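S.K.: The structure that follows is given in the form of structure tokens.
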Amino acid sequence: MYDYSRRSHSRRRTSIKDSVISSFRNTPTEAVLTTILGLSIGLGAGISYVNKHPVYHPLGFSEVSQVERQARDLGVDLEPFNDYLPSLNDFCMKNFETNNYAREEGGVYVRKFASELDIRMDETNTFKIHHYMLYELHDVLPAKAMNAKKAVEHFEKAAPLTRGAANHFDKAWNYHTWDHYHEECSTSTDSDGNTTETCWDVYDGTDHYFDYYPKWGRSAQKQLDVLLNLYQEMKYKENFIIANKTEAEGEYAADKTNVHAEGESRFSQAELLTISRRWLTESTLRVNEPQIRRNWGEMHGDLATWEKLLPRAKSYHTYTYSHWDSGPKEYQHCEKTEKRLDTTARMMEEILHGPNTTLARLPQMEKIAHDIISTVYLNEDHGKSAKRLIRDYVALNKQVYDANFKGGDASDINNWWWVLPFAFGGTLLGLGAGVLFDRWADRTDFWGRFIQGGRRRIY
122 MYDYSRRSHS
132 RRRTSIKDSV
142 ISSFRNTPTE
152 AVLTTILGLS
162 IGLGAGISYV
172 NKHPVYHPLG
182 FSEVSQVERQ
192 ARDLGVDLEP
202 FNDYLPSLND
212 FCMKNFETNN
222 YAREEGGVYV
232 RKFASELDIR
242 MDETNTFKIH
252 HYMLYELHDV
262 LPAKAMNAKK
272 AVEHFEKAAP
282 LTRGAANHFD
292 KAWNYHTWDH
302 YHEECSTSTD
312 SDGNTTETCW
322 DVYDGTDHYF
332 DYYPKWGRSA
342 QKQLDVLLNL
352 YQEMKYKENF
362 IIANKTEAEG
372 EYAADKTNVH
382 AEGESRFSQA
392 ELLTISRRWL
402 TESTLRVNEP
412 QIRRNWGEMH
422 GDLATWEKLL
432 PRAKSYHTYT
442 YSHWDSGPKE
452 YQHCEKTEKR
462 LDTTARMMEE
472 ILHGPNTTLA
482 RLPQMEKIAH
492 DIISTVYLNE
502 DHGKSAKRLI
512 RDYVALNKQV
522 YDANFKGGDA
532 SDINNWWWVL
542 PFAFGGTLLG
552 LGAGVLFDRW
562 ADRTDFWGRF
572 IQGGRRRIY
């Protein structure tokens, strides 16, 4: 007897199969699927490459023992930032070095990081690898940071006054615009006689309004006058002592982790000295202080010019065929002065932010360092809690470094951009394979033969 239910079920299965195969036959589905497959393979290959080829933090130790020895030979004490910055640089570099060793291929990152950190934090370790260990720097840096902060207390006092004067110059003017448009339309008729109207806006011009507020203009002049009477100049000068030679440990770290010129595998002595002096040349103090000094000198001229322009400053209106206008001379001068004052205040605040960040973050880092060591070694925890502690520790070290060494790039080691070319290459290969297969399938009627060969009559 014929089983109708079995035949019906078979037809449904065949119908679904035919629909799926038909989609492959009539659409470029193969290309889509192989593209997705190629992208997945490319991403996997890229991630694997990044993990096997870690990028190092470029290390540059300050040769702090050399700096201290030279100061003793000269019979002088190191000045505040000369005492603070080399030690802080080496503190950050030791933490970057810890991360470098932990990220090298082979071994468990969490355990390797904890092991390297333990070596540098172990106060009972009688074999000292470097002149100063991390635990020693934790002890001395807070006092050094406090002395550095006191040395630039004139920045701390002047910064809010400078920002206040900038705010008054900003409030002296308000620039706003009113754009004018008119509407134009056109009509078109298709072959069936249907008419369509299309309209658009056409720009005519702009009203520019420069509203002047005399109260704030006079106040800005007074604020700047008071500021420049309090501080005729704004600078910080130290006679920095820098290392005149490098030691083997620092040379090895620099050679291993910094990018060499093409075809070179070692740095020259001059290049090694340049690397060892990054603590000074890339410091926020050295980057910002010359600009602060120049700006302060130019602010005297800004005040004199504004005192001449002030009596004739008034609101101004003009109509132009541009969306923007530079405005009257009085407005332009206030804008320029406000920007100079704001930039100067920000640069002073950035210098202060360095020692302040050190004072705030070092106690947190010391606690987390001990937590990392105890979590990994005592509790044998290599999981999420240990990884989170390490991530927090590395992030805090980056904050300290970036705040004090604005011109440096040792904290930035992101090499995940390598994933992009792998993913792009995998996508192209997958797409190419899919297109070639799709054309071959069309030429050979692969899916048609597949459908015919796959059908069975079931009784």
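Note that my numbering has the sequence shown beginning at 122, numbered continuously upward. By construction, the Cβ of each residue, glycine as well, lies at the ideal position given by its N, Cα and C atoms. Bear in mind the structure is a predicted one, so any value in this text is a computation, not a measurement.
So, helix, strand or coil for Arg128, using DSSP?
M.R.: Its pLDDT being 47, under 50, Arg128 is placed unreliably by the model, and the measurement read from it follows with that caveat. Here Arg128 sits in helix by DSSP.
S.K.: Which two residues bound the contiguous beta strand (DSSP E) that contains Trp321?
M.R.: Thr316 to Tyr333
S.K.: Could you give the residue range of the beta strand (DSSP E) that holds Asp300?
M.R.: Asp300 -> beta strand (DSSP E) spans Trp294 to Thr310.
S.K.: I need the boundaries of the beta strand (DSSP E) containing Tyr437, first residue and last residue.
M.R.: Tyr437 to Thr441
S.K.: Might you give, ordered along the chain, the residues of its own chain that have their beta carbon closer than 7 Å to the beta carbon of Arg241, omitting 5 neighbours on each side?
M.R.: Lys215, Thr219, Met254 and Leu255
S.K.: Under the three-state reduction of DSSP, which class applies to Asp446: helix, strand or coil?
M.R.: Coil.
S.K.: Restricting to Cα atoms, I'd like to know which of Leu345, Asp204 and Trp321 is closest to Glu428.
M.R.: Leu345
S.K.: Any idea what DSSP makes of Val380, helix, strand or coil?
M.R.: Secondary structure at Val380: coil, using DSSP grouped into helix, strand and coil.
S.K.: In the structure shown, what three-state DSSP assignment does Leu180 receive?
M.R.: In this structure, Leu180 counts as coil in the three-state DSSP scheme.
S.K.: Could you give the DSSP three-state label for Lys527: helix, strand or coil?
M.R.: coil
S.K.: Can we say the region 188-208 touches the region 357-370, given the rule of at least three CB pairs closer than 8 Å?
M.R.: yes
S.K.: From which residue to which residue does the alpha helix (DSSP H) around Ala391 run?
M.R.: Taken as a continuous stretch (DSSP letters only), the alpha helix (DSSP H) holding Ala391 covers Gln390 to Ser397.
S.K.: Assuming Asp211 and Ser183 form a contact by the criterion Cβ under 8 Å, report the distance between their Cβ atoms to the nearest whole angstrom.
M.R.: 5 Å
S.K.: By the three-class DSSP mapping on this structure, what secondary structure does Trp537 have?
M.R.: Its pLDDT being 46, under 50, Trp537 is placed unreliably by the model, and nothing is read from it.
S.K.: Please report the straight-line C-alpha distance between Thr405 and Ala524, rounded to a whole angstrom.
M.R.: 7 Å
S.K.: Buried or exposed, going by whether 16 or more other CB atoms sit within 10 Å of the CB of Arg132?
M.R.: No answer about Arg132 holds up, because its pLDDT of 48 lies below 50 and its placement is not dependable.
S.K.: Nearest CA to the CA of Lys450: which residue from Ala287, Trp294 and Leu351?
M.R.: Trp294
S.K.: In whole angstroms, what is the alpha-carbon distance linking Tyr440 and Leu401?
M.R.: 52 Å
S.K.: Which residues bound the alpha helix (DSSP H) around Ala235?
M.R.: Tyr230 to Met242
S.K.: Considering Cα atoms alone, identify which of Lys519, Val515, Pro476 and Gly529 is closest to Lys271.
M.R.: For Lys271, the closest alpha carbon among the candidates Lys519, Val515, Pro476 and Gly529 is that of Pro476.
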